[in-house]
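S.K.:
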Amino acid sequence: MTDVEREQQIDYMDVEINLLKPATPFMRDHLRIIWIGFTIWVLTTFAPITATRLAPEIMTTQIPVIGFPLHYFLLAVVGPGAALVLSVWYARKRDQIDEKYGISQDVAEPEMTETVADDAAAADGGIGE
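Quick note on numbering: the sequence shown equals residues 1 to 129 in the UniProt record's numbering.
1) With C-beta atoms as the reference, is L75 less than 8 Å away from M59?
2) So G79 and T45 are supposed to be a Cβ contact under 8 Å. How far apart are they, rounded?
3) Tell me which residues share the same chain as I10 and place their Cβ nearer than 7 Å to its Cβ, disregarding the 5 neighbours each side in the sequence.
4) For Q8 and P22, what's the separation of their Cα atoms in angstroms?
5) I'd like the list of long-range same chain contacts for Q62, defined as Cβ closer than 8 Å, with 5 residues on each side in sequence excluded.
6) Assuming T86 and W41 form a contact by the criterion Cβ under 8 Å, report the distance between their Cβ atoms to the nearest whole angstrom.
7) Between the Cα of D3 and those of G37, I97, M13 and E111, spot the shortest distance and give me the residue it belongs to.
8) Among A83, E111 and M13, which one has its Cα closest to the Cα of L43?
9) Let's see if you can read the secondary structure: which residues bound the alpha helix (DSSP H) around Q8?
10) Are the Cβ atoms of I33 and K93 separated by less than 8 Å?
11) Look at the alpha carbon of V65 and the alpha carbon of E57, and state the distance between them as a whole number of angstroms.
12) Over what stretch of residues does the alpha helix (DSSP H) that includes S87 continue unbroken?
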């Protein structure tokens with residue numbers, strides 16, 4: 001039996017959710033993506049700070065083209081840029097997992113109702129023209 005077939009037979013109301021020990025193949029795949037993204041985020045966020053503490057002479061040198069110190073550039077540009085790239089990466093990976101397991105994110109469109117009759121009173125008490 002494949003992971004997809006096994007996933008379709010699981011009743012999620014009877015499954016205990018444990019982030020450290022996922023019970024279903026879908027949860028395992030999703031948790032793997034979360035941990036990979038979290039690790040990349042931690043590295044891009046805290047590595048420049050740690051490197052500045054360990055090697056201040058290298059990290060405080062100015063970048064020749066833009067004139068900013070290296071640690072400032074890494075924290076001001078690379079950190080937020082990495083967060084944006086990780087957001088796009090996560091959305092695409094999640095869509096791939098959803099497609100793999102047959103999970104649909106479609107939203108049902110509301111049904112159109114009939115329009116109000118022409119002889120209805122205006123909401124402000126006036127007469128419709």
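For every residue, glycine included, the Cβ atom is placed at its ideal position computed from N, Cα and C.
M.R.: Per the coordinate set shown:
1) No, Cβ-Cβ distance for L75 and M59 is not below 8 Å.
2) Between T45 and G79 the Cβ distance is about 6 Å, and since that is below 8 Å, they are a contact.
3) Correct list, in chain order: T24.
4) Straight-line measurement puts the Cα of P22 at about 16 Å from the Cα of Q8.
5) Excluding residues within five positions, the ones whose Cβ falls inside 8 Å are F68, P69 and L70.
6) The amino acid at residue 86 is misidentified as Thr; the sequence shows Leu. Right, the Cβ-Cβ distance comes to about 6 Å (below 8 Å), so this counts as a contact.
7) The candidate whose alpha carbon is nearest that of D3 is I97.
8) Ranking the options by Cα distance to L43, first place goes to A83.
9) Unbroken alpha helix (DSSP H) run through Q8: D3 to Q8.
10) In contact: I33 and K93 (Cβ atoms closer than 8 Å).
11) Cα-Cα distance, rounded: 18 Å.
12) Segment G79 to K100, the alpha helix (DSSP H) holding S87.
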